[in-house]
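Counting from 1, one number per residue, gives the positions in the sequence shown under UniProt numbering.
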Amino acid sequence: VQSGNESLGVWLIPANNATKPADRAVIYFHGKGGNRGQGRRIKLYKMLANRLNATVVVFDLRGYGDSTGTPWTSGVLEDIRTIVDCTGKMLGNHSLPVYMYGHSLGGPQALYAARYMVKTGRRVPGCILESTFVEFIRAAAQFPMTLPLWFLPVKTRVRLLRPVIEPAIEDPTHFNYHTGEQLLLLRREAPRIPIINFHGLSDWLVSPKNARDLQRLVEGVNYTTVLIKGGGHNDLRTGPRQDQMVAALRGWFPETERFFALN
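Written out as structure tokens, the structure reads:
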């Protein structure tokens, strides 16, 4: 798929149900590490396609996987808009509900994609978040690689890291990978869009406190938090943890699709 001057690698994975067409589609925004072909991500695509009858659109932003270019922020936002637009063309069926799903660094990207859909007159049935954070810089201050600074309060660590991290992620769009800010903007622009947020209680990279803080930001309205016991940052799609995700989504999808059908 062409995005500006760059070429993006994209997969369209059909729902795996021989007896009926897909119930829904999901655009997946992966986190910082690796690419769309990693094993842990493939487990998620299979879960969505095989167990939840979803057609799945997965891609690599510029600079990741087989996509060309460098992942600077304005270009990343162009890629997100491109993928949203080309998904509609690839699916053809405009009555099919299309969900945004963001893991970790993909969380604010998924919310931005939902906002773009709203601004361009398209309906959004809901957003799925997984293991994401309120603010990237604050989350980075608690990453294990900042261990030498852990004797300092979190606020002090954030102040020290901000001059290092902000130049790398800030640009005229002021996107800044700030999930909380994107969530509040989406709420202002489309207050009824449902959101479900999964987080492992044993996540060592992004504290599950972020999930609770995001829910507090929107006062829990049209917002479901699912905390998974024993779940880490990248392993919610395996074993009994996957079963918990599937059970939650099997209850959540029909509710959101009733909302989608009425709007």
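Built from N, CA and C at the ideal position, the CB exists for glycine as well.
Neighbourhood of THR173 by C-beta distance below 8 Å, restricted to the same chain and skipping five residues each side: Within the sequence shown, residue 173 is the residue found at index 173, counting from 1. For THR173, the predicted model reports a pLDDT of 48, less than 50, meaning its position is unreliable; a value from the coordinates is still stated below. Contacts found: THR73, SER74, LEU77.
Neighbour-count burial assignment, VAL221, 16 or more Cβ in a 10 Å radius: On the sequence shown, position 221 is the one that residue 221 refers to. Looking at its Cβ environment, which holds fewer than 16 other Cβ atoms inside 10 Å, VAL221 is exposed.
Proximity to SER7 [Cα-Cα], best of ASP79, ALA49, PHE133: In the sequence shown, counting from the first residue as 1, residue 7 sits at position 7. Of the candidates ASP79, ALA49, PHE133, the one whose C-alpha sits nearest the C-alpha of SER7 is ASP79.
Coil, strand or helix - ASN210 by DSSP: As a first step, residue 210 must be located in the sequence shown, where it is residue number 210. Looking at ASN210 - three-state DSSP - the assignment turns out to be helix.
Opposing strand residues paired with LEU236 [DSSP bridges]: For the purposes of this step, residue 236 is taken as the residue at position 236 of the sequence shown. For LEU236, which the question treats as bridged, DSSP gives no partner whatsoever.
C-alpha distance - THR238 paired with THR256, whole-angstrom precision: For this step, residue 238 is matched to residue 238 along the sequence shown. For this step, residue 256 is matched to residue 256 along the sequence shown. Computed Cα separation, rounded: 25 Å.
Candidates LEU44, ILE228, PRO194, GLY200, of which the one nearest PHE260 by Cα: Within the sequence shown, residue 260 is the residue found at index 260, counting from 1. Comparing Cα-Cα distances from PHE260 to each of LEU44, ILE228, PRO194, GLY200, the minimum goes to PRO194.
Exposed unless 16 or more other CB atoms sit within 10 angstroms - verdict on LEU201: Position 201 of the sequence shown, counted from the start, is the residue given in the question as residue 201. Its Cβ having fewer than 16 others within 10 Å, LEU201 is exposed.
Three CB pairs or more closer than 8 Å across the segment 120-138 and the segment 56-68: no
Residue-level contact to chain C via CB, ARG36, 8 Å cutoff: In the structure shown, chain C does not exist; there is a single protein chain.
Three-state secondary structure (DSSP) of GLY251: Taking the first residue of the sequence shown as position 1, residue 251 is located at position 251. Looking at GLY251 - three-state DSSP - the assignment turns out to be helix.
Integer Cβ distance of GLU189 from ARG122, believed to fall under 8 Å: For the purposes of this step, residue 189 is taken as residue 189 along the sequence shown, with counting starting at 1. For the purposes of this step, residue 122 is taken as residue 122 along the sequence shown, with counting starting at 1. That belief does not hold up - the Cβ atoms of GLU189 and ARG122 are roughly 13 Å apart, past 8 Å.
Of the listed residues TYR177, THR120, ARG24, PHE133, nearest to HIS233 (C-alpha basis): Reading the sequence shown from its first residue, position 233 is the one you call residue 233. Of TYR177, THR120, ARG24, PHE133, the residue nearest in Cα terms is PHE133.
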